Amino acid sequence: MGEARSVSQVNLYIKNMFTREYALNNISVRGEVSNCKYHSSGHIYFTIKDNSSQLSCVMFASMRQGLGFRMEEGSGVIVQGSISVYERDGKYQLYARKITMDGNGRLYEEYEKMKKRLLEEGLFDADKKRKIPAYAKSIGVVTAPEGAVIHDICNVAARRNPYVQIYLYPAKVQGDGAEDMVIEGIRYFEKTDVDTIIIGRGGGSIEDLWAFNSEKLARAVYSCTKPVISATGHETDTTIADFVADLRAPTPSAAAELAVYPYKETEAALREAAYSLKWQINNILKINKLKLVQYVTMLKHSSPQDLLHQRRLYAADCRDRLSIAMEQKLTAAKHQLALYSEELKGLSPLYKLKGGYSYVAKEDGGSVRSVDEITAGQKLVLYLQDGQAVVNVKSVRKAEGYGSKENDT
Numbered sequence: 133m134g135e136a137r138s139v140s141q142v143n144l145y146i147k148n149m150f151t152r153e154y155a156l157n158n159i160s161v162r163g164e165v166s167n168c169k170y171h172s173s174g175h176i177y178f179t180i181k182d183n184s185s186q187l188s189c190v191m192f193a194s195m196r197q198g199l200g201f202r203m204e205e206g207s208g209v210i211v212q213g214s215i216s217v218y219e220r221d222g223k224y225q226l227y228a229r230k231i232t233m234d235g236n237g238r239l240y241e242e243y244e245k246m247k248k249r250l251l252e253e254g255l256f257d258a259d260k261k262r263k264i265p266a267y268a269k270s271i272g273v274v275t276a277p278e279g280a281v282i283h284d285i286c287n288v289a290a291r292r293n294p295y296v297q298i299y300l301y302p303a304k305v306q307g308d309g310a311e312d313m314v315i316e317g318i319r320y321f322e323k324t325d326v327d328t329i330i331i332g333r334g335g336g337s338i339e340d341l342w343a344f345n346s347e348k349l350a351r352a353v354y355s356c357t358k359p360v361i362s363a364t365g366h367e368t369d370t371t372i373a374d375f376v377a378d379l380r381a382p383t384p385s386a387a388a389e390l391a392v393y394p395y396k397e398t399e400a401a402l403r404e405a406a407y408s409l410k411w412q413i414n415n416i417l418k419i420n421k422l423k424l425v426q427y428v429t430m431l432k433h434s435s436p437q438d439l440l441h442q443r444r445l446y447a448a449d450c451r452d453r454l455s456i457a458m459e460q461k462l463t464a465a466k467h468q469l470a471l472y473s474e475e476l477k478g479l480s481p482l483y484k485l486k487g488g489y490s491y492v493a494k495e496d497g498g499s500v501r502s503v504d505e506i507t508a509g510q511k512l513v514l515y516l517q518d519g520q521a522v523v524n525v526k527s528v529r530k531a532e533g534y535g536s537k538e539n540d541t
């Protein structure tokens, strides 16, 4: 029995055997991707398999610069690198230096590169896409004359709106010359009065759909002056034409749904809108009529004629009140005058003459108030009720109590 070796020694020995084998240091292996994991460190861990075997693989972050696509479950790839042993786990794996798509994968890689380039050019920009007409009268369809696509579109259009016209431009949608015929169809409808153009075909492999991944077709769709709907393949299929088109439909039937407005629903919506509009108009008219009545009333109160009428009424009222006040004043004045008149009667010498009294005055008209103002022989004038008399004073006698004075002539 020979010397016992450690596990590490055995694994290292086997690793050296792999390292010395030239064929294992520069090998290319074809297989299908499985269990692919992109690690946060940048390394990619995955398995490639065929019908009967599988091989563990790793691509370190330092080797990823040349990888132009993202590996997905089931992708066919060719992995170029070296096979060696990972000593810790004691298993061998393929250390990838380069990974390329295999078969359809090469087309997919080309598809991804073109998609990236056109994206950078701005052909996919949402702000450059044209709006699909909401009420199209006619629609141009570029597709194969046979097959389910045109029939599905016509059936959906007839169900939604039998008045929309569908025009077909028959074109190859697969194989040599397909992209040129689709481009011809787009340019043909661009010169007509159709409102929308639909390009499409049924589903298939990437080779079957390759005409719709053409850069030439993509630029024709981008430069078209009419809105284009792309309906290529099934719901899971996506082509370059889908990204460039103004609208992408998952299926041809969905494209017809998007392009053709529903006549009955639109008719019902119009009736509802007409009812709503009529109600709103009537409501606005009622409100405006009420406002008009208010404005007429306000205008009447604010008009010069109404103001003049109000001023006339006010002037007439003032005149009546002034007339009443004047009558009251006159009546009061007449009453006061009567009182003053009675008082004057009591003070008037002439009024007293009527009672048998007389008024004595000097010849010069001065009144005689006291006997002291009279001398014997003086002429006086007596004023009586019915005339005057001139008398000569014979003597003056003062009444008792006022001192005596007596002059005889």
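Counting with my numbering, you get residues 133 to 541 for the letters of the sequence shown. The beta carbon of each residue, even a glycine, is placed where N, CA and C say it ideally should be. Predicted model only: the values in this text are computed from it and were never measured.
6 angstroms CB neighbourhood of methionine 203 in its chain, flanking five on each side removed: Val165, Cys168
When the Cα atoms are used, what is the spatial distance from leucine 255 to phenylalanine 201? 21 angstroms
Can you grab the Cα-Cα spacing for the pair histidine 99 / alanine 405, in whole Å? This structure cannot settle anything about residue 99, because the visible part of the chain is limited to 133 through 541.
Minimum C-alpha distance to serine 194 - residue among Ile210, Lys230, Asp221, Ile180: Lys230
Alanine 276 versus serine 385 - alpha carbon distance: 15 angstroms
Counted within 10 angstroms of its Cβ, other Cβ atoms place arginine 403 as buried (16 or more) or exposed: exposed
Is it a yes or a no for the region 318 to 332 touching the region 268 to 275, going by three-plus beta-carbon pairs under 8 angstroms? yes
Between which residues of its own chain and isoleucine 78 is the CB-CB distance below 6 angstroms, once the five residues before and five after are set aside? Outside the displayed range of the chain (133 to 541) lies residue 78, so it cannot be described from this structure.
Please look up how many angstroms separate the CB atoms of leucine 512 and valine 528, rounded, as I've assumed it's under 8 angstroms. About 11 angstroms separates the two Cβ atoms, so there is no contact after all.
So threonine 371 and asparagine 345 are in contact, right, with Cβ under 8 angstroms, and what is the actual spacing, rounded? 5 angstroms
Distance, alanine 457 Cα to serine 473 Cα: 24 angstroms
If you compare alpha carbons, which of Val376, Phe375, Arg291 is closest to alanine 388? Arg291
Would you mind sorting threonine 429 into buried or exposed? The rule is 16 or more other CB atoms within 10 Å of its CB. exposed
Roughly how many whole angstroms lie between the Cα atoms of leucine 445 and leucine 454? 14 angstroms
Would you mind sorting arginine 333 into buried or exposed? The rule is 16 or more other CB atoms within 10 Å of its CB. buried
Is asparagine 167 helix, strand or coil by DSSP? strand
Going by DSSP, name the residue or residues bridged to arginine 162. Ile210
Proximity to glutamate 397 [Cα-Cα], best of Ser188, Ser185, Met149, Tyr267: Tyr267
Report back the beta-carbon spacing between leucine 226 and glycine 206 to the nearest angstrom; my notes put them in contact at under 8 angstroms. Going by Cβ atoms, the distance from leucine 226 to glycine 206 rounds to 18 angstroms, so no, they are not a contact pair.
How long is the line joining the alpha carbons of glutamate 322 and aspartate 234, rounded to whole angstroms? 39 angstroms
Using C-beta distances below 6 angstroms, list every residue in its chain close to lysine 261, excluding the 5 sequence neighbours before and after it, in chain order. Asp378
Going by C-alpha distance, which of Val503, Ala508, Val522 is nearest glutamate 495? Val522
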